[in-house]
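Quick note on numbering: the sequence shown equals residues 119 to 429 in the working numbering.
Yeah, the Cβ is synthetic: ideal placement off N, Cα and C, and Gly gets one too.
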Amino acid sequence: TTLGDRWTVLAVCVVIRGCSIPVAWKVIGAHAKGSWRPYWEGLLEHLEGRIPADWQVLVLADRGLYARWLFEAIVEKGWHPFLRINLGVKARAVGESDFDWISRWVPTPGTQWQGVVECFVGKKSRLACTLLMQWQEGYEHPWVILTDLAPQAANVAWYGLRAWVECGFKDFKRGGFGWHHEKMQDAGRVERLWLAMAVAMVWMVSLGIQAESQRPSACPEQLPEQHIARKRMKQASPQPPARRLSCAQRGRLVLLATLLQAEDLPIGRLLPEMWPETVVSPQKVASPSKLRQRDKHRQRKHQQKKAARRR
């Protein structure tokens, strides 16, 4: 993530329940010249040995970060790369002799493909890996993922977890701590500020998760057959639940309530949830005319309620 024309932060984050918690980061000048490779390698080295060996670790990264050395560095640590690349590359599947554009495997929305390939034509960049591809309806481009997992052991939908990192950056900036207002001129101070925010994020997210897990669960089975809640339950896909309030913000509210009531500060828990199993189509954004009609309808209903109260 960046902060205007002042800072670029390279961060490795753990994602959980729609939130993102930084665990290693490096702050550099926004216009600093040179390769980021030494910084990324240093961050991965810092995390090596700090994760239980029996955990399955996926390392997700967006298209702008893919590099063969990064893929291989992740594998060397015993983790699994899950790196997105652009569609404009060539590959050959097992049994093929010639390289061809990978777009042939997902020519239209609604198509998907996965298999073991040799990706990239150049000998220096060529990589033997598993290629996962899916072009979900509603997306402008397909998801194209490179991993070392076997095709039958991987699911392209897992890449959707990477979007939670963007939610974490928002919590650090306008959606939470207001980091975008800081005026620091020293990279070391910015890194220490990130440490404070990361610790606070762990606390808020853990409290939010605990509060969310203690909410009374609905029982749609007790509702009439035609009730909207029962219909939605039947149509629901195997996905993490959609949230109107993030665990980070829920935890922040728990902390504020605790302070206002002069109670002992609570300690939360980090509880996992299911991974996504399907790629969900993006929600359609209403057109400006539809939004205006919606606003007018709400205003009419509001005026009708006011008139009814006067009577």
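Check	Outcome
For Arg387, which residues in the same chain have their Cβ closer than 7 angstroms to its Cβ, ignoring the five residues on either side in sequence?	Ser324, Ile327 and Gln328
Are the region 282-298 and the region 262-271 in contact at 8 angstroms, needing three or more beta carbon pairs?	no
Just to confirm my understanding: we take Ala179, look at its own chain, exclude 5 residues before and 5 after, and list those with CB closer than 6 angstroms. What are they?	Leu201
Which one of Glu166, Asn204 and Ile220 has the shortest CA to CA distance from Gly182?	Asn204
Where do the N-terminal and C-terminal ends of the alpha helix (DSSP H) with Ser324 fall, by residue?	Ala305 to Ser331
Measure from the alpha carbon of Ser331 to the alpha carbon of each residue in Cys237, Gly228, Gln303 and Arg361, then state which is nearest.	Arg361
Report the option in Glu159, Val308, Pro156 and Lys195 whose CA atom is closest to the CA atom of Thr126.	Val308
Drop a sphere of 10 angstroms on the beta-carbon of Met315, count the other beta-carbons inside from all chains shown, and report buried for 16 or more, exposed for fewer.	buried
Could you pull the DSSP bridge partners for Thr126 from this structure?	Thr120 and Ile146
Could you tell me the alpha carbon to alpha carbon distance between Ile192 and Val372, rounded to whole angstroms?	37 angstroms
In terms of residue numbering, what span does the beta strand (DSSP E) encompassing Pro359 cover?	It is not in any beta strand (DSSP E) - Pro359 carries neither H nor E in the DSSP assignment.
Starting from Arg210, trace the beta strand (DSSP E) in both directions and tell me its first and last residue.	Lys208 to Ala211
Does the separation of the CB atoms of Met302 and Leu311 fall below 8 angstroms?	yes
In terms of residue numbering, what span does the alpha helix (DSSP H) encompassing Trp282 cover?	Ala281 to Phe290
Under the three-state reduction of DSSP, which class applies to Trp276: helix, strand or coil?	helix
Report the three-state DSSP secondary structure of Leu371 (helix, strand or coil).	helix
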